[in-house]
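Read in the numbering used here, the sequence shown has 134 at position 133, and its numbers run on one by one without any break.
Backbone N, C-alpha and C define an ideal beta-carbon position, used for all residues, glycine too.
All figures in this text were calculated on a predicted structure; none of them were measured in a lab.
For reference, the structure discussed in these notes is given below.
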Amino acid sequence: MRYIDSHFHLHHLAEKGFEIPSMMQRLQSDGFIGGIDIGVDPLDMIKRYEVLKNYPFLHYSVGLYPSHAETESLHIILDQLEDMIEKYSPHAIGEIGLDYHWDFSTPERQQELFILQIQMANKHKLPVIIHNRDADHDMLKLLKEHRPEYGTILHCYSVEDDLSKDFIALDAYLSFAGNITYKNNNHIQEAAKVIPIDHMLIETDSPYLAPIPKRGKLNTPEFIPYTYEYTAGLRQMETEAFSEIICNNFKRIFPPLLKK
Ligand SMILES: [Zn+2]
């Protein structure tokens with residue numbers, strides 16, 4: 002089986018003492034054909050690139066997580082972001098978005114930071130990778146008013162109300178993480194059963210949210226086959242046929258970096 006992981010944080014795995022080189026070796030001999038490493042603040046790109054430069058088939062993003070909205074000097078960190086884009090040519094802006102679960106800062110301030118980054122993504126012709134927690138209706142409204150023009154991925158999709166079709170009407174891709182396998186997440190499972198398959202992606206969000214049967218462990222891209230298998234089951238599909246479609250969806254947004 003071939004598979005792609007559309008959201009992980011290698012740098013966070015490394016910080017937790019995880020051996021990246023041996024993991025990448027195992028992954029490559031096990032059907033892993035790519036994925037995207039995600040940033041959370043502009044300057045993390047410098048450290049992340051030290052790891053990423055060894056794996057030229059991996060995509061990577063850079064962006065400011067909504068927690069940065071509290072900073073007094075938004076313009077300074079946005080300038081840093083612009084610098085990182087110029088210097089490292091990332092493949093997406095993210096993860097950016099709204100998080101009303103944690104008391105990062107006011108919704109208004111988070112929205113301001115989010116909109117500025119959508120504008121930056123449009124300026125640089127890059128897709129956006131979105132973090133959305135407890136902000137579903139505001140997220141939908143903002144995406145309608147400030148359309149990302151080069152692709153939209155809603156990562157760790159877990160919208161409570163039945164808004165999937167509204168997001169898909171905006172041509173957003175919904176990326177499902179390991180928490181789809183958790184018993185109480187009926188709303189995520191229901192969404193994954195009915196949305197058009199050509200707008201689905203699968204991710205780990207490593208090192209977080211390990212799928213069952215690895216729940217509670219440090220998550221790594223190596224656990225993604227569980228999520229593919231589980232979600233294919235929800236769609237009543239063979240895992241292999243399902244994963245081919247998901248990989249092709251990813252490649253539509255992120256064309257492969259290396260010719261094989
Ligand atoms: Zn993430």
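Express the C-alpha separation of residue 130 and residue 224 in angstroms, rounding to a whole number. Straight-line Cα distance between these residues: approximately 21 Å.
Could you give the first and the last residue of the continuous alpha helix (DSSP H) run that contains residue 152? That residue, residue 152, is in no alpha helix (DSSP H); it is neither H nor E in DSSP.
Would you say the beta carbon of residue 206 is closer than 7 Å to some non-hydrogen atom of ligand 1? At least one heavy atom of ligand 1 is nearer than 7 Å to the Cβ of residue 206, so yes.
Compare the Cα-Cα distances from residue 231 to each of 126, 60, 155 and 177 and report the closest residue. The closest CA to that of residue 231, considering only 126, 60, 155 and 177, is found on 177.
Please classify residue 107 as buried or exposed, where buried requires at least 16 other C-beta atoms within 10 Å of its C-beta. Per the 10 Å Cβ criterion, exposed.
Between which residues of its own chain and residue 31 is the CB-CB distance below 8 Å, once the five residues before and five after are set aside? Within its own chain, the residues whose Cβ lies closer than 8 Å to the Cβ of residue 31, once the five positions on either side in sequence are excluded, are 223, listed in chain order.
Looking at C-alpha atoms only, which residue of 48, 52, 90 and 2 is the closest neighbour of residue 24? By alpha-carbon distance to residue 24, the top candidate from 48, 52, 90 and 2 is 52.
Is the closest heavy atom of ligand 1 to the C-beta of residue 39 under 7 Å? Yes.
When DSSP labels each residue in this structure, what does residue 192 get in the three-state scheme? In the structure shown, residue 192 sits in a helix (DSSP, three-state: H, G or I).
Can you look up residue 213 in the DSSP assignment and give me helix, strand or coil? Looking at residue 213 - three-state DSSP - the assignment turns out to be coil, as it is neither helix nor strand.
Nearest CA to the CA of residue 39: which residue from 66, 211, 124 and 54? Nearest C-alpha to residue 39: 66.
For the stretch 53-72 against the stretch 93-103, are there 3 or more C-beta pairs whose distance is under 8 Å? In this structure the stretch 53-72 lies against the stretch 93-103, because at least three pairs of beta carbons, one per stretch, are closer than 8 Å.
From residue 247 to residue 229, what does the alpha carbon distance come to, in whole angstroms? Going from the Cα of residue 247 to the Cα of residue 229 covers about 9 Å.
N-terminal and C-terminal residue of the beta strand (DSSP E) that residue 63 is part of: Taken as a continuous stretch (DSSP letters only), the beta strand (DSSP E) holding residue 63 covers 60-63.
Would you be able to state if there are at least three C-beta pairs under 8 Å between the stretch 159-177 and the stretch 203-217? The stretch 203-217, when compared against the stretch 159-177, does touch it at the 8 Å Cβ threshold.
Please report the straight-line C-alpha distance between residue 233 and residue 190, rounded to a whole angstrom. Cα atoms of residue 233 and residue 190: separation of roughly 11 Å, rounded to the nearest angstrom.
Enumerate, from N- to C-terminal direction, the unbroken beta strand (DSSP E) stretches of 3 or more residues contained entirely within the stretch 221-247. Within the stretch 221-247, no beta strand (DSSP E) run of at least 3 residues lies entirely inside it.
Residues bridged to residue 93 [DSSP beta-bridge criterion]: DSSP links residue 93 through a beta bridge to 62.
Unbroken beta strand (DSSP E) run spanning residue 170, endpoints: It is not in any beta strand (DSSP E) - residue 170 instead sits in the alpha helix (DSSP H) that spans 165-170.
Helix, strand or coil: how does DSSP classify residue 14 here? In the structure shown, residue 14 falls within a helical segment according to DSSP collapsed to helix, strand and coil.
Three-state secondary structure (DSSP) at residue 259? Three-state DSSP puts residue 259 in coil, outside helix and strand.
Below 8 Å between beta carbons: does that hold for residue 121 and residue 83? The answer is yes: Cβ separation under 8 Å.
Tell me which residues share the same chain as residue 128 and place their Cβ nearer than 6 Å to its Cβ, disregarding the 5 neighbours each side in the sequence. If we look at residue 128 and ignore the five residues flanking it on each side, its Cβ neighbours are 93, 151, 152 and 254.
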